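So my numbering is basically just the index in the sequence shown, starting at one, shifted up by 1.
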Amino acid sequence: MATRVCESPALRRLLRGPCLALSGARGYSRDSEGSWFRSLFVHKVDPRTDAHSTLLSKKETSNLYKIQFHNVKPECLDAYNSLTEEVLPKLHSDTDYPCDLVGNWNTWYGEQDQAVHLWRFSGGYPALMDCMNKLKQNKEYLEFRKERSTMLLSRRNQLLLEFSFWNEPLPRVGPNLYELRTYKLKPGTMIEWGNNWARAIKYRQKNQEAVGGFFSQIGELYVVHHLWAYKDLQSREETRNAAWRKRGWDENVYYTVPLVRNMESRIMIPLKISPLQ
């Protein structure tokens, strides 16, 4: 039979005394011990005052980009393209509007009966607002929008900044096919993505296939768009395979794939008005 040892209150205080003294001397408590233990598993992040846009975008320019995705009624695609090719070049060539067409496409592989338009606003947000205010007074453009609305199933857009390490999207002679690769990243990973691609882009320059790289500012966030140009699908296949034979490209893929929630690839054909042919 087990013997129960009875402790007097004085004995209990004596036995606990050194522990209490030690706790008091070192400032320990149950709560502080728990906080210390939890700190072993928490990454401490130094606060930064820089926004992603400041760290990743080009400092020498203040360009803002807008990308538009228009899903067109299948029976209206030809009429939509004709209307677009009639009106949009007028805005592009009018120096009173601080906006330029960068590229205009129909999606060939990917979402069908879709038009994609990429605009540049030289001067950033003030240029965007100036252009929008002027378009509200442009009767031809308002009629264009009204007619266009009868042809669309849906539309969406994003405002973008360009990565500092990518090429400037300049006009190209054709014929080319364009691939728009869209990556939706995990929140908080944009800086890591940029750091890896700043090193990796050198592996994709030999055939001048890198057209432009952008990340979203307004619209769906943590979205990256990479725009590539190829002569044809076979050229695309060969160019992409060649990258895997370059030491370092595999490391970029290894480190960036875990950052991606999902991704999409569009193969696009330029419209007649597109500066990127």
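Cβ coordinates follow ideal geometry from the N, Cα and C atoms, glycine included. Note that the structure is predicted; figures quoted are calculated from it, not measured.
Identify every residue that forms a DSSP beta bridge with residue i.
| i | result |
| --- | --- |
| residue 266 | 182 |
| residue 163 | 215 |
| residue 108 | 269 |
Am I right that residue i and residue j are in contact with their C-beta atoms under 8 Å? What's the rounded C-beta distance?
| i | j | result |
| --- | --- | --- |
| residue 269 | residue 107 | 7 Å |
| residue 229 | residue 243 | So it is not a contact: roughly 13 Å between Cβ atoms. |
| residue 214 | residue 164 | 4 Å |
| residue 217 | residue 161 | 6 Å |
Hey, out of the options, whose CA is closest to residue i's CA?
| i | options | result |
| --- | --- | --- |
| residue 201 | 136, 141, 166 | 166 |
| residue 139 | 77, 173, 89, 110 | 89 |
| residue 273 | 72, 71, 87, 58 | 87 |
| residue 66 | 255, 123, 207 | 123 |
| residue 203 | 173, 183, 234, 245 | 245 |
| residue 199 | 250, 74, 115 | 250 |
Exposed or buried, which one is residue i when buried takes at least 16 other CB atoms within 10 Å?
| i | result |
| --- | --- |
| residue 151 | exposed |
| residue 159 | buried |
| residue 224 | buried |
| residue 267 | buried |
| residue 105 | buried |
| residue 83 | exposed |
| residue 30 | Reliability of the predicted coordinates at residue 30 is poor, the pLDDT of 43 falling under 50, and the value obtained from them is presented with this limitation in mind. Exposed, since its Cβ has fewer than 16 Cβ neighbours within 10 Å. |
| residue 178 | buried |
| residue 195 | buried |
| residue 103 | buried |
What's the C-alpha gap between residue i and residue j?
| i | j | result |
| --- | --- | --- |
| residue 113 | residue 169 | 28 Å |
| residue 265 | residue 180 | 10 Å |
| residue 271 | residue 190 | 32 Å |
| residue 185 | residue 253 | 17 Å |
| residue 64 | residue 100 | 10 Å |
| residue 226 | residue 68 | 10 Å |
| residue 220 | residue 157 | 9 Å |
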